[in-house]
Amino acid sequence: MTTLRPFTCDDLFKFNNINLDPLTETYGIPFYLQYLAHWPEYFIVAEAPGGELMGYIMGKAEGSVAREEWHGHVTALSVAPEFRRLGLAAKLMEMLEEISERKGGFFVDLFVRVSNQVAVNMYKRLGSTACTGRSSSITQPATENRTKTLTT
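The sequence shown lines up with residues 1 to 152 when you count with UniProt numbering.
See the structure below:
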């Protein structure tokens, strides 16, 4: 049975099988530690029964409450190739959406490479829509900003 649990510092030494993928955006260890320190509830890992990491989602809360822009942001979502097509990405997204909703978020947003059609289609199936008005800090390759309104 798959376990979904909070990401820990020790997981940084075990998630190479997930990050060694051309479609996965990777960062330096200080970046992961910053997210773990500031938004630990938004950093979740899926673990196989034998302890192998299957996938993870890393996000944060940001925006303005006054302008109804407070929201969850997905910084990274990745599943190891051998564990894809099991619904893990959808479950991780669902968990981040629930956390964002509990924290008063109005929506969840993310950036996805337009060339990653599998991911774009998955986010569409999960209810996100392409939106304008917010640009990605990633200029290459081309990305699309997607958002999903929460029921708050």
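The beta carbon of each residue, even a glycine, is placed where N, CA and C say it ideally should be.
Residue i, buried or exposed, once every other Cβ within 10 Å from all chains shown has been counted against 16
i, result
"residue 38", "exposed"
"residue 108", "buried"
"residue 1", "exposed"
"residue 96", "buried"
"residue 20", "exposed"
"residue 134", "Only weak support exists for where residue 134 lies, its pLDDT of 48 falling under 50; the coordinates are left without a value."
"residue 28", "exposed"
"residue 140", "For residue 140, the predicted structure reports a pLDDT of 43, less than 50, and the residue's modelled location is therefore unreliable. A value from the coordinates is still provided. Exposed, since its Cβ has fewer than 16 Cβ neighbours within 10 Å."
"residue 110", "buried"
"residue 6", "exposed"
Beta-carbon spacing of residue i, residue j below 7 angstroms
i, j, result
"residue 77", "residue 99", "no"
"residue 55", "residue 88", "yes"
"residue 23", "residue 121", "no"
"residue 119", "residue 18", "no"
"residue 148", "residue 127", "yes"
"residue 73", "residue 82", "no"
"residue 106", "residue 47", "no"
Residue i beta carbon near the ligand MG (any heavy atom closer than 6 angstroms)
i, result
"residue 118", "Of the ligands one can find in the structure shown there are none, so the ligand MG has no counterpart to examine."
Which runs of the beta strand (DSSP E) at least 3 residues long sit entirely within the UniProt domain "N-acetyltransferase" (2-151)? Give them in chain order. 3-6, 43-47, 53-62, 71-79, 107-113 and 143-149
Answer yes if the region 7-18 comes into contact with the region 34-50, meaning at least three C-beta pairs across the two stretches below 8 angstroms, and no otherwise. yes
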